[in-house]
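K.L.:
With numbering that gives the first Met the number 0, the residue at position 45 of the sequence shown is 44, and numbering never jumps.
The C-beta atom is built at its ideal place from N, Cα and C for all residues, glycine as well.
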Amino acid sequence: MKRSELKESQDSKAEEFFLCFFFFEGIVAFLSGLLSDLISCYLDFSGLYSPCRFLPFSLHLA
Numbered sequence: 000m001k002r003s004e005l006k007e008s009q010d011s012k013a014e015e016f017f018l019c020f021f022f023f024e025g026i027v028a029f030l031s032g033l034l035s036d037l038i039s040c041y042l043d044f045s046g047l048y049s050p051c052r053f054l055p056f057s058l059h060l061a
């Protein structure tokens with residue numbers, strides 16, 4: 000095998016690895032964001048955590 004063919008083979012393997020890595024990293028980031036949104040919505044609707052209760056009372060009337 001020629002040196003240029005070997006280098007192309009290594010380059011394509013590295014490219015494939017990085018594409019897979021960034022693809023799975025994107026999926027993990029998306030799922031963790033979705034999970035944190037679901038948790039914050041659950042806490043908001045259950046009354047355990049509500050960012051609105053920290054606002055002044057006059058803003059609740061608006």
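Helix, strand or coil for residue 12? Go by DSSP, reduced to three states.
P.N.:
As a working mapping, residue 12 is identified with position 13 in the sequence shown. Note: residue 12 maps to helix in three-state DSSP.
K.L.:
Expressed to the nearest angstrom, what Euclidean distance is found between the alpha-carbon atoms of residue 11 and residue 26?
P.N.:
Indexing the sequence shown from 1 puts residue 11 at position 12. Indexing the sequence shown from 1 puts residue 26 at position 27. Spanning the two alpha carbons is a distance of roughly 23 Å.
K.L.:
Taking the alpha-carbon positions, what's the residue 22 to residue 33 distance?
P.N.:
Your numbering for residue 22 matches position 23 in the sequence shown. Your numbering for residue 33 matches position 34 in the sequence shown. When rounded, the distance between both Cα atoms is 17 Å.
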